[in-house]
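*Asks:* Could you have a look at this structure, given as structure tokens, before my questions?
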Amino acid sequence: MEKNHPISELMSTTMQKIREMVDVNTIVGTPIHTDDGVTLIPVSRLSFGFASGGSDFTTKNQKPDAENSFGGGSGAGVNIAPVAFLIVKGDSVKLLPVAPPAGNAVDRVVELVPEMFDKVTGFIEKQDKGDKEPAEKHAGHYQE
1 MEKNHPISEL
11 MSTTMQKIRE
21 MVDVNTIVGT
31 PIHTDDGVTL
41 IPVSRLSFGF
51 ASGGSDFTTK
61 NQKPDAENSF
71 GGGSGAGVNI
81 APVAFLIVKG
91 DSVKLLPVAP
101 PAGNAVDRVV
111 ELVPEMFDKV
121 TGFIEKQDKG
131 DKEPAEKHAG
141 HYQE
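Quick note on full-length UniProt numbering: the sequence shown kicks off at 1 and runs consecutively.
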């Protein structure tokens, strides 16, 4: 049976602890339901890093055929930042960003596309209703 090197165990333990801290619910949070039928879903950005290191070394009183001593350590860091909330109401889904407004024009345009789409769609629907209403009101009174 092959014996694992201590650095392997050290790295495995570090990764296991990171897995315990971070799962899919860290990125897309648990939905929050309100009384008026709105569901809020938090969305976060996650970044993490870890490092492990170690060294085999001989000790002063080590027997000639004994394994070398091992010294090592590991560390990890996790950063979780809220990004946005998905707001679900009926068939409508909107993204409410938490971050400050976009810094340049291109980012701002990309950010505004969903909002502009809603406004244009609403304008077209109003125009369609406006064209139909007079015809319906005066249906029997058409004169050439």
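Cβ coordinates follow ideal geometry from the N, Cα and C atoms, glycine included.
As the structure is a computational prediction, the values presented were derived from the model and not from experiment.
Taking one C-beta from the region 64-79 and one from the region 111-129 each time, how about it: are there three or more such pairs within less than 8 Å?
*Replies:* Too few Cβ pairs lie closer than 8 Å, so no.
*Asks:* Is it the case that the region 57-77 contacts the region 22-35, given that we only count it when at least three CB pairs across the two stretches are under 8 Å?
*Replies:* No: the two stretches stay apart, fewer than three of their Cβ pairs being nearer than 8 Å.
*Asks:* Would you tell me roughly how many angstroms separate the C-alpha atoms of residue 9 and residue 38, rounded to the nearest one?
*Replies:* For the purposes of this step, residue 9 is taken as residue 9 along the sequence shown, with counting starting at 1. For the purposes of this step, residue 38 is taken as residue 38 along the sequence shown, with counting starting at 1. In a straight line, the C-alpha of residue 9 is about 47 Å away from that of residue 38.
*Asks:* Nearest-angstrom Cα distance between residue 108 and residue 19?
*Replies:* As a position in the sequence shown, residue 108 is number 108, starting the count at 1. As a position in the sequence shown, residue 19 is number 19, starting the count at 1. So the alpha carbons of these two residues sit roughly 35 Å apart.
*Asks:* Pull up the distance between the alpha-carbon of residue 89 and that of residue 82, whole angstroms please.
*Replies:* For the purposes of this step, residue 89 is taken as the residue at position 89 of the sequence shown. For the purposes of this step, residue 82 is taken as the residue at position 82 of the sequence shown. Approximately 21 Å between the Cα atoms of the pair.
*Asks:* Are the beta-carbon atoms of residue 11 and residue 47 separated by less than 8 Å?
*Replies:* Stepping through the sequence shown from its first residue, residue 11 is reached at position 11. Stepping through the sequence shown from its first residue, residue 47 is reached at position 47. No, the pair does not count as a contact, with Cβ atoms beyond the cut-off.
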